[in-house]
Each structure stands twice: as structure tokens, then as C-alpha cells.
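One structure below.
Number of protein chains: 2
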Amino acid sequence: MSGTARTNAFDPNPAAVVIGSGSGGLTVAIGLARFGRRVRLVERDRVGGDCTNVGCIPSKALLHATAEAAAIGAAPGRTGAEILDHVRDKRDELWQHETKEFGSTENIDLQFGAARIVGPGRVEVTQADGSIDLIETDHIIIATGSRPRSIAIDGLGDQHLLTNENLFELREPPAHLAIVGAGPIGVEMATAFARLGTRITLLDAADRVLPDLLADASHLVARRLSATGVDVRTARVATAYDEASGRLTLGTLDDEMIAETDGEVVDGVDKVLVAVGRVPNSGDLGLETVDVETDRAGRIVVDTHGRTSADGVWAVGDVTDRGGTTHAANAWGRRIIRAIIVPRIPAGSEPILPAVTFADPEVASIGEQPPVAPPDVRRVVVDLSRSDRAFTDEATEGVVIVDVRRVSSRILGATIVGPRAGELISIFSLAMKNDIRFSKWYGVVWPYPAYADVLGRAVDDYMTEHLKNVARDVPLWLRGRLRARFGR
Amino acid sequence: MSGTARTNAFDPNPAAVVIGSGSGGLTVAIGLARFGRRVRLVERDRVGGDCTNVGCIPSKALLHATAEAAAIGAAPGRTGAEILDHVRDKRDELWQHETKEFGSTENIDLQFGAARIVGPGRVEVTQADGSIDLIETDHIIIATGSRPRSIAIDGLGDQHLLTNENLFELREPPAHLAIVGAGPIGVEMATAFARLGTRITLLDAADRVLPDLLADASHLVARRLSATGVDVRTARVATAYDEASGRLTLGTLDDEMIAETDGEVVDGVDKVLVAVGRVPNSGDLGLETVDVETDRAGRIVVDTHGRTSADGVWAVGDVTDRGGTTHAANAWGRRIIRAIIVPRIPAGSEPILPAVTFADPEVASIGEQPPVAPPDVRRVVVDLSRSDRAFTDEATEGVVIVDVRRVSSRILGATIVGPRAGELISIFSLAMKNDIRFSKWYGVVWPYPAYADVLGRAVDDYMTEHLKNVARDVPLWLRGRLRARFGR
Chain S
31 MSGTARTNAF DPNPAAVVIG SGSGGLTVAI GLARFGRRVR LVERDRVGGD
81 CTNVGCIPSK ALLHATAEAA AIGAAPGRTG AEILDHVRDK RDELWQHETK
131 EFGSTENIDL QFGAARIVGP GRVEVTQADG SIDLIETDHI IIATGSRPRS
181 IAIDGLGDQH LLTNENLFEL REPPAHLAIV GAGPIGVEMA TAFARLGTRI
231 TLLDAADRVL PDLLADASHL VARRLSATGV DVRTARVATA YDEASGRLTL
281 GTLDDEMIAE TDGEVVDGVD KVLVAVGRVP NSGDLGLETV DVETDRAGRI
331 VVDTHGRTSA DGVWAVGDVT DRGGTTHAAN AWGRRIIRAI IVPRIPAGSE
381 PILPAVTFAD PEVASIGEQP PVAPPDVRRV VVDLSRSDRA FTDEATEGVV
431 IVDVRRVSSR ILGATIVGPR AGELISIFSL AMKNDIRFSK WYGVVWPYPA
481 YADVLGRAVD DYMTEHLKNV ARDVPLWLRG RLRARFGR
Chain D
31 MSGTARTNAF DPNPAAVVIG SGSGGLTVAI GLARFGRRVR LVERDRVGGD
81 CTNVGCIPSK ALLHATAEAA AIGAAPGRTG AEILDHVRDK RDELWQHETK
131 EFGSTENIDL QFGAARIVGP GRVEVTQADG SIDLIETDHI IIATGSRPRS
181 IAIDGLGDQH LLTNENLFEL REPPAHLAIV GAGPIGVEMA TAFARLGTRI
231 TLLDAADRVL PDLLADASHL VARRLSATGV DVRTARVATA YDEASGRLTL
281 GTLDDEMIAE TDGEVVDGVD KVLVAVGRVP NSGDLGLETV DVETDRAGRI
331 VVDTHGRTSA DGVWAVGDVT DRGGTTHAAN AWGRRIIRAI IVPRIPAGSE
381 PILPAVTFAD PEVASIGEQP PVAPPDVRRV VVDLSRSDRA FTDEATEGVV
431 IVDVRRVSSR ILGATIVGPR AGELISIFSL AMKNDIRFSK WYGVVWPYPA
481 YADVLGRAVD DYMTEHLKNV ARDVPLWLRG RLRARFGR
């Protein structure tokens with residue numbers, strides 16, 4: 031075994047090797063280290079992973095700084111270039127802090143290099159100087175994350191192509207940014223760059239923005255984007271780009287086939303941000319040497335504890351089929367810690383994961399909400415115009431949509447669009463985790479005039495209908511329960 | 031009985047007479063009307079009461095408009111005068127809306143005039159034209175609210191004296207506003223007017239601002255106020271004002287005696303806002319004719335249902351000893367509706383009332399938190415600097431303080447200072463109402479990076495200590511429970 035002086039201080043037989051120091055990897059490494067387990071934490075690039083370096087942190091710093099600048103709709107205190115510099119400063123501050131912290135955390139050996147599984151309990155780390163370090167361990171935790179999915183747009187070269195990985199390297203806001211993909215990244219960046227004065231064209235192959243959202247909520251978000259000048263074009267894909275003229279040609283997507291539209295183009299585009307999904311970083315890890323199962327999308331399949339199909343190999347975060355967000359990686363990482371530290375104690379129920387898009391206003395959801403509520407579910411819809419705080423703050427565009435099972439009042443899912451939706455959704459997160467039925471929300475005092483007051487209105491609406499219709503609801507509820515149990 | 035044509039259409043024998051159309055009165059009137067009870071709603075002045083006209087609504091509209099203007103710390107888009115006009119517009123819009131709505135709500139007869147109880151079940155209303163209308167009813171609900179407590183400041187005349195009742199009539203922001211009383215009103219108005227460029231001197235007789243708050247939280251608020259240029263002077267009262275020079279003389283308050291300080295003065299004060307508490311509007315109501323009990327402060331004493339000591343007479347809101355806020359009036363008003371409509375069904379436990387001051391950042395609290403946590407209580411303190419969102423938003427000044435009973439993990443109280451604290455407190459409101467122990471918060475997924483994440487850190491801190499110390503905690507907890515039951 032060759033290695034640098036630093037590496038030689040590392041334990042060659044740690045309790046666990048964690049591959050990747052993003053949200054999932056850090057959660058597991060810190061947790062195991064706190065319980066006294068020696069952990070080798072291997073990072074190929076920057077500590078903190080996507081979230082710290084090219085995800086949550088720079089995007090939220092940008093959203094905050096641009097909101098401040100845009101607040102009065104007039105000359106911002108900082109130029110776009112200064113704001114982009116500021117975002118990099120914030121990102122680097124946290125990255126440096128995390129690098130220092132986890133480089134000196136008790137029981138964590140932070141090592142830079144590319145890790146590869148070479149056999150059961152055996153990991154090889156290739157360091158920058160070419161030296162290779164062999165580790166033997168009981169537990170291997172794969173937390174290598176994901177990268178942006180790329181798509182073919184004829185004529186679009188690196189000079190004009192952006193993804194979340196190089197977006198925050200921009201020195202100046204683009205003049206006209208086309209964003210391909212109106213998921214959370216696309217919508218957040220449309221929001222932020224529009225505030226910087228960038229002209230935005232936002233495309234999605236689906237028939238609406240944030241396609242995972244209920245249609246009414248999605249339409250509200252689209253209206254708000256349009257109101258800030260974003261050119262929203264749904265059911266559209268980008269087929270070609272002409273670097274010389276900045277012309278982007280659009281098409282439609284039918285049955286997975288791209289069809290040319292009749293000359294629909296967007297002119298003067300100087301940058302194209304592609305945000306059409308993620309690809310798991312499950313290659314080059316030697317998964318085949320220990321038979322780690324992946325799904326068709328290449329994501330590592332894990333069980334309810336975070337175990338892969340291979341003994342002693344675990345996976346967490348975006349590289350798995352249970353990933354998607356920093357808080358998901360954190361929640362699933364905690365299950366791995368628990369399963370390793372107290373393997374005999376059964377894990378609790380699987381985490382209920384909220385999702386937030388930090389647009390203006392915020393968009394949050396949790397649980398399951400089918401496009402149309404089934405007969406045994408009461409869908410409560412409250413428009414934000416009924417909130418007095420929304421009135422005083424002139425922010426009345428928004429909605430709360432809660433799905434509640436009839437009779438039992440069990441909450442199945444909720445969507446909130448409005449200021450502070452990203453905080454309000456945690457009320458559902460707590461309630462759903464502890465199965466606090468919606469009827470039990472009655473009598474909760476919501477401070478006036480906070481935005482949470484609108485949840486009180488949802489509860490009042492629900493209870494009024496609930497008490498009025500209990501007799502009629504019982505057969506509907508019973509039929510729903512039977513269907514859930516025995517199929518149609 | 032004499033009366034106008036309009037009055038003659040009113041039911042002379044309604045099920046209930048509600049005196050006062052503020053938060054408490056409206057809650058009860060609307061609730062009873064929905065259950066088919068005819069209600070006479072008597073208003074002496076403006077529908078909506080203090081909240082709509084001189085309280086929550088104009089203050090929150092002002093806070094919002096000034097925050098927008100101050101966001102970039104530079105030339106606001108609107109002048110101070112324009113912002114004050116805007117606040118009046120918002121207030122009048124809601125007032126007119128409510129006047130129209132409750133003037134035409136089924137089962138509600140809205141009548142303008144001064145009401146007075148003249149005997150059991152008998153109320154006289156004196157209208158503007160001097161005509162007197164006699165009503166006979168089963169239920170009288172007193173919801174007459176409160177008015178600002180006045181204090182003697184030598185030399186301070188009406189021209190320079192402000193209270194919440196005339197503050198929002200200002201055409202221009204004062205040049206130098208002295209605020210006497212650093213409770214919620216004082217702190218909110220200091221925050222708002224400072225943003226308009228008004229020089230602010232904020233006094234309180236107590237040794238800190240927001241004296242009901244835990245000291246650490248209060249000091250944080252004071253630091254933030256000072257950072258925005260507010261001159262905070264605690265343990266000080268105003269003793270004299272010289273109209274010609276604008277000199278305000280300060281004193282100290284010892285054992286309820288005012289002592290002159292050694293020449294401590296504030297110069298150039300052009301307006302003095304007095305916000306030192308409230309006086310219940312319990313006079314001139316004929317309470318003595320039916321023996322309604324009041325406490326030493328003049329507040330009407332009510333039982334757990336909202337009943338006064340007189341048969342068929344109820345009271346709600348600021349005029350009672352259970353008032354204080356719009357949401358308190360709403361919560362207690364609901365208990366009255368329930369007791370009138372379904373008198374045989376026992377009322378649930380009394381409402382747990384959060385309190386929010388909409389300062390920058392927001393300040394929220396709920397439950398009981400003694401200055402020092404007793405031995406059987408674990409006090410969890412998390413600094414907001416541990417929130418990643420606070421980091422990206424450069425808003426790291428704040429704190430979460432949760433009191434949790436050892437062993438049982440029951441939540442006794444919480445204080446939050448930080449952005450969106452007014453929303454986050456509702457998570458405690460839901461949990462405390464449903465007795466979700468703090469240990470049951472473990473496993474809740476908080477969306478990243480929302481501010482609610484900091485609650486996850488509080489839970490983690492609690493659980494780490496909780497699991498480590500359970501053996502040592504049991505005797506402490508037991509002793510606390512015995513003491514609670516049998517006294518010391």
C-alpha cells in the first residue's frame with residue numbers, strides 16, 4: 031500500500047467507508063463517528079457535495095440576494111455581477127467550513143480520491159498523486175449522488191450550455207437565458223435570474239411547470255412566473271440552437287418522439303440552462319464486484335434500512351431510488367446509522383418527505399395527492415385571498431390543498447403555494463409522522479395574523495363539511511378501505 | 031320603543047345580542063348565525079374593532095410596506111407619506127368589506143349605537159339619532175374590547191401624544207418618535223418607523239424590551255433594534271415633555287415610585303407614542319344591573335366557557351381576563367358558541383395561545399417558560415446560526431428555546447426569535463394541543479433548507495441528552511411531578 035504521509039495516519043480498517051461527502055454521506059459519517067465508529071470518508075471533489083457547492087446553498091443564496099435587490103422593483107443595491115460574486119462567497123464559506131470541520135472531526139478520516147469497491151468489504155481509493163490506498167471495512171456506504179441529465183440539442187456547445195454545475199460560475203447574468211426543464215431547479219433559477227433583469231424563456235416537455243404538482247397549484251406558479259416577465263412555454267422541447275444568432279428552435283414531444291413545431295423559435299438566447307432531471311453516479315464504483323443491484327435508471331436499489339442487495343453495502347441519497355433531496359438523504363442516512371448501530375431494533379415507519387420549491391411564492395407539498403381526489407377522500411381547497419396576512423402583505427395569490435380521508439380524517443397529502451409555504455409544510459410533516467388526524471387540528475390556535483391562519487380556515491372548512499356529511503361519508507370511506515385492501 | 035325604519039326590520043327578540051364587532055364579537059356573531067341563531071350585533075364605532083382599524087391590520091400593512099421600502103437600505107420606492115396613505119387604504123378596504131359583509135350576513139342584524147344592559151336579558155341601544163331600541167334576548171355577549179392605558183407625562187398635550195388609536199392617522203412620519211412602552215406594539219412600531227427614517231427612542235419601565243419574553247430572547251431583540259438605529263432605554267419612564275423644545279425628561283421607576291434621573295433627557299422629540307398596556311372597556315355597559323363580576327383591573331371575569339358571573343351574560347376578548355390578542359378572542363369566542371349551541375357537551379381543554387411580535391426578525395412564544403428552567407425540565411437552546419437557511423439568507427441572529435419535561439418529553443413552552451418565527455410557532459401550537467411529546471418529533475423530516483430545519487436541530491440536541499441521561503432524569507422528573515402535585 032502506498033500513500034501520502036497524511037493517509038498513513040488513517041485507520042486502514044475503519045468500521046465504515048463512506049463514499050461521497052454530500053448530504054447523505056456526511057449524515058452517515060457524522061452519525062457513526064458520534065457513536066464511536068471510525069469512518070473513512072472519501073471525497074472525489076468538494077466536501078459538501080451538490081447541496082453545498084452547486085445546489086441548495088448557492089441557489090438559496092442567489093434567491094435571497096436577488097429578492098432583496100428586486101424588493102422595490104428599482105435599482106438594486108448590488109449589480110448582477112456583484113450578486114453572483116456574493117453567491118460564490120457564501121458557497122465557498124460553507125464549503126471551507128465543512129472541509130475544515132470534517133477534516134478534523136473525531137473518528138472521521140477525510141480522504142480525497144476516487145473510491146472503488148474491489149471485493150466484499152474492500153475499497154480502493156485512488157488519490158490525486160496516483161497512489162492507491164486499500165481499505166478493509168465492515169460497512170461500505172455509497173453516497174455518490176447524481177449529476178445533471180444531458181440532452182441533445184443540435185448545435186448547442188459547451189460555451190452556451192449551463193447546468194447546475196457551472197451555472198454559479200457565471201460572472202454576469204445572461205441577457206437571455208433559456209431554461210430547459212421547469213422542475214424545481216428550472217423554476218427557482220427562472221425566478222432568481224428574472225430578478226437580475228435576465229430575459230427568461232422557460233420550457234418543459236410536460237404540459238405544465240413543476241409537473242409533479244397538482245394542476246391548480248402548477249397553473250398558479252406559471253401565472254406568477256409570467257407576471258414577472260418569464261416566458262413560460264409548456265409542452266415544448268428545445269431541438270436546435272444556433273450559436274451565431276442565438277436562435278433556439280422548439281419542438282413538441284409526442285410519445286417520446288420529438289416533432290418539429292411549425293417554425294417556433296426563440297431568438298437572442300445567449301445561454302441555455304438544461305435542468306431535465308438527474309443521473310445517478312453509480313458507475314465506476316465496482317458495484318459489479320459485489321453484485322449491487324441497480325434499477326433501469328441506474329439508481330441503486332435499497333431496502334427500508336438503506337441496505338443494497340450486497341451484504342455490508344449500503345447506499346443513500348441521489349444515487350439510490352429513495353433520494354431526491356438533501357432532507358431525504360438525511361432521513362435515509364439516519365436509518366442506515368440506526369441499522370448499523372442497533373441492528374436488532376426495528377426501524378420506524380419510512381420517512382414522509384416534504385418537497386419545497388423556493389419560488390416566489392414558495393411551493394411545498396407532502397404525501398400523495400392524485401390529480402383527482404377519489405370518492406373516499408375530501409379535498410379541501412383554501413385560496414390564500416382568505417388570509418388576512420396575505421391581504422396586509424399584498425400576497426394573496428396562493429392556495430392550500432389538503433387531501434383528507436373521509437370519516438377517519440387521516441391526512442393523505444397537502445400542497446401549499448404562498449409566502450412561507452416551505453415552513454408551513456412542516457406542520458403537515460409533524461402531523462403526518464404522528465398521525466394527527468385533520469379533525470384533531472380543530473382547536474389549535476394559529477397566531478393572528480400569521481400565514482398559518484390559512485390552515486385554520488382549511489380545518490374549519492373541513493370540519494363544517496365533515497360534521498354535515500358524516501352519514502353519507504361512511505359508505506364512501508368503507509368502499510375506499512375495501513378497495514385499498516382487496517383491489518377493485 | 032322608537033327607532034329608524036332600518037331598525038324596525040331587526041328582530042326585537044334575537045337569540046343573542048353581541049356588543050362590539052371586533053375579533054371576539056364577530057367570531058361569536060358569525061358562529062351563532064351559521065347555526066341559525068338570530069343575532070343582533072351592536073357596534074359603537076367601526077366594524078372590525080381594534081384589530082381591523084387600529085391594530086393588527088394597519089400595523090402589519092405598515093410593517094410590510096416599510097420592509098419592502100427598506101429592503102435595499104436605499105431610496106424607497108414610496109415616500110413615508112405615501113406608505114402611511116397606503117396603510118390607511120388597506121385598513122379602510124378591509125373595514126368597508128367587513129361592514130358590507132356583516133351588514134348583509136344571514137341571521138345577523140348589524141346595528142350602530144351604544145349598547146347598555148338594563149336588566150336580565152334586556153339591552154338598550156342608543157343610536158346616533160338619539161333613538162333608543164330595546165332588545166330582549168337569551169344571551170348577551172360583551173365584546174367591547176379595550177383602549178390604550180394612559181399615563182401622565184407632564185406637559186405632553188394631545189398635539190404630540192400618539193396611541194395606537196391615532197398613530198395611523200399620521201400624514202408624515204415623525205422626525206423623532208419617542209415610544210413609551212417596549213411591548214409588542216412599541217417594538218413593532220419602532221421597527222416600522224425606523225425603516226421610514228424616523229429617529230426612534232424606545233423606553234420601557236422594565237429592565238428589558240418585550241418583558242414577558244425570556245431574557246436571552248429579549249436581549250437579542252434589543253440588539254437588533256439597536257443595530258437598526260433605535261435608541262433603546264430600559265428601566266426608564268418618561269416624566270415630562272416640553273412642547274416648545276421637544277425635550278423629553280426621563281426617570282426611573284422604583285417600587286412603583288417615579289424618581290428623577292440625574293438630568294437624563296432626550297431632545298428633539300416631536301411625537302410620543304404611549305403603548306403601556308390596555309384598559310378594558312367595561313364601563314357604561316350596565317354591568318352592575320345584572321351583577322357581572324370584574325377583576326381589580328376592570329376586566330370581566332369569565333369561566334372556562336366564557337360565561338360571566340351573570341346568567342345569560344358572556345364575555346370575550348380584551349374586555350375579559352382571557353383576552354389579549356385577536357386569536358385569543360377567536361379561540362374563546364368559539365368556546366362561547368359551543369356552550370350556547372351544544373351546552374351539554376363538555377368543552378375541550380382551554381386553548382394554548384401563541385404570541386407573536388412581528389418585529390425584524392419575528393418573535394414568537396407559547397406556553398410557560400420560567401426565567402430559569404426547574405430541575406425536572408430540560409431547556410433546549412439552539413442558536414439560529416446553526417440553520418443553513420439563516421446562513422444563505424444572512425439572517426443568523428435568532429434563537430429557539432424549548433422547555434421539555436424530562437423523561438415524559440412533554441413540551442411546556444417555546445420561544446423563537448428569527449425569520450418566520452410567527453409561522454414556526456404553529457408547529458408547537460399543533461403539537462402542544464395534541465400533546466405530541468418532543469421525543470415524537472424525532473423522525474419528522476424538515477424540508478431543507480427551510481428555517482424549520484432549526485427545530486430538527488433542537489430535537490436532535492434534546493434526544494442526544496435525553497437518551498444519555500434517562501437514568502439520572504427519572505428522580506428529577508419524579509421530584510418535579512410530586513412537587514407539582516403536593517407543593518413543596
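For the protein sequence lines, the chains are S and D, in the order given. Start counting the first sequence at 31; every next residue gets the next number (the numbering used here). Start counting the second sequence at 31; every next residue gets the next number (the numbering used here). Cβ atoms here follow ideal geometry from the backbone N, Cα and C, with glycine treated the same way.
Counting only Cβ pairs nearer than 7 Å, list the residues of chain D close to S/Asn464. Within chain D, the C-beta atoms nearer than 7 Å to that of S/Asn464 come from Ile466 and Lys470, in chain order.
Under 7 Å between C-beta atoms of D/Ala444 and D/Val217: Going by C-beta atoms, D/Ala444 is not nearer than 7 Å to D/Val217.
What in chain S is Cβ-close to D/Pro384, meaning under 7 Å? Those within 7 Å of D/Pro384 in chain S are Val475 and Pro477.
Between D/Val411 and the rest of its own chain, which residues show a CB-CB distance below 6 Å, the 5 nearest in sequence each way excluded? Excluding positions up to five away in sequence, the list reads Ile431.
With DSSP as the reference, identify every bridge partner of S/Ile520, one or two as the case may be. With chain S covering 31 to 518 only, the question about residue 520 of chain S has no answer from this structure.
If distances are taken between C-alpha atoms only, which option among D/Arg68, D/Pro42 and D/Arg108 comes closest to D/Ile367? Closest option to D/Ile367, Cα to Cα, is D/Arg68.
Determine the extent of the alpha helix (DSSP H) in which S/Asp483 is found, giving its start and end residues. Taken as a continuous stretch (DSSP letters only), the alpha helix (DSSP H) holding S/Asp483 covers Asp483 to Phe516.
Where the beta strand (DSSP E) containing D/Leu207 begins and where it ends: His206 to Val210 is the span of the beta strand (DSSP E), which, as asked, contains D/Leu207.
Determine the closest residue to S/Ser379 out of S/Thr334, S/Pro373, S/Gly363 and S/Ser395, with distance taken between C-alpha atoms. Distances from the alpha-carbon of S/Ser379 to those of S/Thr334, S/Pro373, S/Gly363 and S/Ser395 put S/Thr334 closest.
Contact with chain S by D/Ser395, beta-carbon distance below 7 Å: Closer than 7 Å: no.
Helix, strand or coil for D/Leu192, going by three-state DSSP, please let me know. Secondary structure of D/Leu192 (DSSP, three-state): strand.
Can you find a C-beta in chain A that's less than 7 Å from the C-beta of D/Leu460? The displayed structure is made up of protein chains S and D, and chain A is not among them.
From the DSSP output, read off the bridge partner residues of D/Trp344. Partner(s): D/Ile171 and D/Arg337.
Per DSSP, S/Gly354 forms a beta bridge with which residues? Residue pairing of S/Gly354 in beta bridges, as defined by DSSP: absent, with no partner found.
Under 8 Å Cβ to Cβ from D/Pro477, same chain only, skipping five residues before and after it: list those, please. Cβ within range, chain order: Asp483.
With C-beta atoms as the reference, is D/Gly331 less than 7 Å away from D/Ile171? Note that residue 331 of chain D corresponds to Val in the displayed sequence, not to Gly. For the 7 Å CB-CB criterion, D/Val331 and D/Ile171 do not form a contact.
Need the endpoints of the alpha helix (DSSP H) that D/Ala235 sits in, please. Per DSSP, D/Ala235 belongs to no alpha helix (DSSP H) and is neither H nor E.
Along the segment 421-449 of chain S, what residues have a CB closer than 8 Å to any CB found in chain D? Of all residues in the segment 421-449 of chain S, Phe421, Thr422, Asp423 and Glu424 have a Cβ within less than 8 Å of some Cβ in chain D.
Could you check the C-alpha separation between S/His496 and S/Met462 for me, to the nearest Å? Rounded to whole angstroms, S/His496 to S/Met462 spans 19 Å at the Cα level.
Mind checking whether S/Leu233 and S/Val260 have CB atoms under 7 Å apart? Not a contact, by the Cβ cut-off of 7 Å.
Would D/Val84 and D/Glu195 qualify as a contact pair, given that the criterion is a beta-carbon distance under 7 Å? Between D/Val84 and D/Glu195, the CB-CB gap stays under 7 Å.
Could you say if the segment 295-305 of chain S and the segment 116-136 of chain S meet the contact criterion of at least three C-beta pairs nearer than 8 Å? Cβ pair count under 8 Å is below three, so no.
Identity of the residue in D/Asn137, D/Ile455, D/Arg177 and D/Ala222 nearest D/Leu93 by Cα: Checked all of D/Asn137, D/Ile455, D/Arg177 and D/Ala222; the closest Cα to D/Leu93 is D/Ala222.
Counting Cβ pairs closer than 8 Å, one from the segment 50-63 of chain D and one from the segment 347-364 of chain D, do we hit at least three? The segment 50-63 of chain D and the segment 347-364 of chain D touch, with no fewer than 3 CB-CB distances between them shorter than 8 Å.
Just checking: is the beta-carbon of S/Glu4 within a distance shorter than 7 Å of some beta-carbon in chain D? The structure shown does not extend to residue 4 of chain S, since chain S is modelled only from 31 to 518, so the question has no answer here.
Just the Cα atoms here: how many angstroms apart are D/Ala104 and D/Arg416? In this predicted model, D/Ala104 has a pLDDT of only 43, less than 50, meaning its place in the structure is not dependable enough to derive any value.
Return the residues of the segment 58-89 of chain S that lie within a Cβ-Cβ distance of less than 7 Å from chain D, sorted by chain order. Only Cys86 and Ile87 from the segment 58-89 of chain S bring a Cβ to less than 7 Å from some Cβ of chain D.
What are the residues that DSSP puts in a beta bridge with D/Ala144? According to DSSP, D/Ala144 bridges with D/Thr156.
What residue from D/Val475, D/Asp237 and D/Val407 has the CA that sits closest to D/Leu547's CA? Outside the shown range of chain D (31 to 518) lies residue 547 of chain D, about which nothing can therefore be said.
Could you tell me the distance, in whole angstroms, from the CA atom of S/Leu485 to the CA atom of D/Glu453? Distance between the alpha carbons of S/Leu485 and D/Glu453 is about 11 Å.
Excluding five sequence neighbours on each side, which residues of the same chain lie with their C-beta closer than 6 Å to the C-beta of S/Ser439? Cβ neighbours of S/Ser439 within its own chain (closer than 6 Å, five residues either side excluded): Arg467, Phe468 and Ser469.
Measure the C-alpha to C-alpha separation of D/Gln399 and D/Ile441 and round it to an integer number of angstroms. Going by the C-alpha atoms only, they are around 10 Å apart.
Checking contacts by CB at 7 Å: is D/Tyr481 closer than that to chain S? Between D/Tyr481 and chain S, the shortest Cβ-Cβ separation is below 7 Å.
CA nearest to the CA of S/Glu202, picked from S/Ile209, S/Thr228 and S/Ile215: Comparing alpha carbon positions, the residue from S/Ile209, S/Thr228 and S/Ile215 closest to S/Glu202 is S/Thr228.
If the cut is a Cβ gap below 7 Å, which residues of chain S does D/Glu453 touch? Annotation: Cβ neighbours of D/Glu453 in chain S (cutoff 7 Å, chain order): Arg450, Glu453, Leu454, Ala480, Tyr481 and Ala482.
Quick one: is D/Gly378 near chain S, going by C-beta distance under 7 Å? So, interface residue.
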